[in-house]
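Encoded as C-alpha cells, the structure appears first; notes follow it.
2 protein chains.
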Amino acid sequence: MSAIDDLAAELAKLPGIGKKTAMRLTYHLLKQPSDRSLRLAQALEVLAERVHPCPRCHNLTEQDLCAICSDPRRDASVICAVEEASDIWAIERSGEYRGVYHVLGGRLSPLDGVSASDLTVNHLVERVAAGEVREVIMATNPSVEGEATALLVQQALGAAPVRVSRIARGLPMGGDLEYADGVTIAQALVARRDMVQDSR
Amino acid sequence: MSAIDDLAAELAKLPGIGKKTAMRLTYHLLKQPSDRSLRLAQALEVLAERVHPCPRCHNLTEQDLCAICSDPRRDASVICAVEEASDIWAIERSGEYRGVYHVLGGRLSPLDGVSASDLTVNHLVERVAAGEVREVIMATNPSVEGEATALLVQQALGAAPVRVSRIARGLPMGGDLEYADGVTIAQALVARRDMVQDSR
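Chains A and B are the protein sequences, given in the same order.
According to my numbering, the stretch in the first sequence is residues 199 to 398, in order.
According to my numbering, the stretch in the second sequence is residues 199 to 398, in order.
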C-alpha cells in the first residue's frame with residue numbers, strides 16, 4: 199500500500215470523511231510544503247501521548263488538573279454533568295457558564311452494554327459528598343438515554359443536600375448537544391429547571 | 199495553546215473542515231485508543247518525507263518510477279495529460295484507461311501568475327519526441343483555463359507526428375475533474391475527439 203493510499207485510509211476512518219474526501223485531503227497536503235503534514239503529525243502525537251482525563255472532573259487535559267478545575271475564577275459549588283468531554287467545549291462556547299464540570303463518560307445504554315458502573319456517577323456522588331457543592335446541573339443530551347442518565351444521577355444524589363437541575367430543553371428531542379449553537383445552549387442553561395422527584 | 203486546540207487548529211486548515219468539525223474530529227480521536235492518532239501521524243510523516251514526483255510523468259510516488267510508469271501492462275504509447283496528480287486518481291477510478299499519464303503541474307492562469315513555463319509542457323514534448331507515443335489525450339479540466347492549457351499543449355506538440363485528442367465534455371463546463379464520478383469520466387474518455395487546429 200502506498201503512502202498516499204495509507205494516509206487516505208487513515209483519514210477515511212474519521213467520522214464524516216469518506217474515501218473521496220480522504221483522497222482530496224491527502225492530495226491537498228501533498229500540494230503544501232511538507233512541514234504542513236509534519237505539524238499535523240506532531241499535533242496528533244502530542245494529543246496521543248500527553249492528553250489524559252482530569253482526575254477531578256474527567257475532562258481531557260495535558261496538566262495535572264484541567265484548565266477549568268484549576269481556574270480560581272470558576273465557581274466550584276456548581277457542577278455541570280455532561281456525557282462526554284467534547285460537550286464541555288460546546289457549553290464553554292456559549293459563554294454562559296461559570297461553574298465546573300463532571301464528565302460522566304457516556305450515557306446509560308443497555309443495548310450498547312453501557313450500565314451505571316461504566317459511568318463516573320459514583321465519583322460525582324463523592325465530589326458532592328465532600329461538600330461545598332450546592333447545585334448539580336444535568337446537561338446530558340436530550341435523548342432517551344440522556345434523560346435516563348440524568349434520572350440515574352438524580353437518584354444517586356438523592357440523599358445529598360444539593361439542588362439537582364436539568365438544562366431546559368431548548369434542543370429538539372433527539373438532537374445532539376455537540377452540534378448545537380451557542381445561543382441555544384446559553385438559553386437552555388439560563389432556563390434550567392429543578393428536577394422534581396416526579397418519577398417515583 | 200493546548201494539545202486539543204492545537205490539533206483542531208491544524209485540522210481546520212484542511213479544505214472543507216471548519217472549526218466545529220475540526221474539534222469534533224479531535225474529540226473523536228481522543229475517544230479512540232491512542233495508536234489511532236499515532237498511525238495517522240505516521241502516515242502523515244511518511245507522506246511528507248517519502249512522496250516525490252515521478253521523474254517520467256510527475257505523478258506522486260515513493261518509488262523511483264511511479265506505479266503506473268513502472269507497470270509493463272500499461273500502454274506507454276498513449277499519454278493522458280492532466281493538471282494535477284490527484285486527477286490521475288480520478289481517472290484510474292473510472293477503470294477505463296490503460297495508457298500512461300503526464301502531470302502538467304497546473305493550468306495556464308495569468309491572473310494567478312501561472313504561465314507556460316510553470317508547467318511541464320516542455321518535458322511532455324520531449325517524451326513525445328523520444329518516440330513510441332502515438333496519442334496524447336488532453337484531460338485538463340473543462341474550464342476556460344483548462345481549455346487554454348489544452349490548446350497550449352496541442353500547439354507545443356504541433357510538429358510531432360502524434361494524435362492529440364481532448365476528452366469529451368461529459369463534465370459540465372466549470373466543473374472539476376476531481377469531483378466527477380467514474381462513469382462520467384469513463385464516458386468522457388471513450389468519446390474523446392481529435393483536436394482539430396480550428397483555433398488558427
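Positions of the beta carbon are idealized from the N, C-alpha and C atoms, including for glycine.
A quick note: this is a predicted structure, and the numbers were derived from the prediction, not measured.
On the DSSP bridge list, what partners appear for Asp273 (chain B)?
According to DSSP, which records beta bridges pairwise, Asp273 (chain B) is partnered with B:Gly297.
So, at 7 Å on beta carbons, what are the nonlocal neighbours of Ser397 (chain A) in its own chain, with the 5 sequence-adjacent residues on each side left out?
The predicted position of Ser397 (chain A) is uncertain, since its pLDDT is 45 and thus under 50; no value can be drawn from it.
How is Ala378 (chain A) classed by DSSP in three states: helix, strand or coil?
Ala378 (chain A) falls in the coil class under three-state DSSP.
Please report the Cβ distance between Ala201 (chain B) and Glu294 (chain A), rounded to the nearest whole angstrom; I am assuming they are in contact, meaning their Cβ atoms lie under 8 Å.
In fact, because the Cβ distance is near 26 Å, the residues do not count as touching under 8 Å.
Ser284 (chain B) classed as buried or exposed, judged by whether at least 16 other C-beta atoms fall within 10 angstroms:
Buried, by the Cβ-count rule.
Checking contacts by CB at 8 Å: is Asp396 (chain B) closer than that to chain A?
Reliability fails at Asp396 (chain B), whose pLDDT of 49 lies under 50, so the model's placement of it is uncertain and the value that follows must be treated cautiously. No, because no Cβ of chain A sits closer than 8 Å to the Cβ of Asp396 (chain B).
If the cut is a Cβ gap below 8 Å, which residues of chain A does Ser235 (chain B) touch?
Residues of chain A passing the Cβ test: Leu242, Glu243, Leu245 and Ala246.
On the DSSP bridge assignment, give the partners of Ile335 (chain A) in chain order.
Partner(s): A:Cys278 and A:Ser363.
Could you round the C-beta distance between Cys255 (chain A) and Val298 (chain A) to whole angstroms and report it? I think they count as a contact, below 8 Å.
Indeed they touch by this definition, with Cβ atoms about 6 Å apart.
What I want to know is whether the C-beta of Arg325 (chain A) ends up closer than 7 Å to one or more non-hydrogen atoms of the ligand COA.
The ligand COA is not among the ligands present in this structure, which contains no ligands whatsoever.
Thinking C-beta only, is Leu302 (chain A) closer than 8 Å to Glu281 (chain A)?
Yes. Within cutoff.
Extent of the continuous alpha helix (DSSP H) run through Lys217 (chain A):
It spans Lys217 to Lys229 - the alpha helix (DSSP H) in which Lys217 (chain A) sits, taken as one unbroken run.
Starting from Ile158 (chain B), find everything on chain A with Cβ-Cβ shorter than 9 Å and list it in chain order.
Not covered by the structure: residue 158 (chain B). The range shown for chain B is 199 to 398.
Hey, could you find the ends of the alpha helix (DSSP H) Val319 (chain A) is sitting in?
Per DSSP, Val319 (chain A) belongs to the alpha helix (DSSP H) from Val319 to Ala327.
Of the residues that make up the stretch 276 to 305 of chain A, which ones have a beta carbon closer than 8 Å to any beta carbon in chain B?
For chain B, the residues of the stretch 276 to 305 of chain A that bring a beta carbon within less than 8 Å of one of its beta carbons are Glu282, Ala283, Ser284 and Trp287, in chain order.
Ala337 (chain A) versus chain B: which residues are under 9 Å apart at the beta carbon?
Neighbours of Ala337 (chain A) on chain B: none; closest Cβ ~16 Å, over 9 Å.
Taking 8 Å as the threshold (C-beta atoms), are Val326 (chain B) and Ala378 (chain B) in contact?
For the pair Ala378 (chain B) and Val326 (chain B), the CB atoms are not nearer than the 8 Å cut-off.
Spatially closest choice to Val351 (chain A) from A:Ile383, A:Glu330 and A:Asp316, by CA coordinates:
Closest option to Val351 (chain A), Cα to Cα, is A:Asp316.
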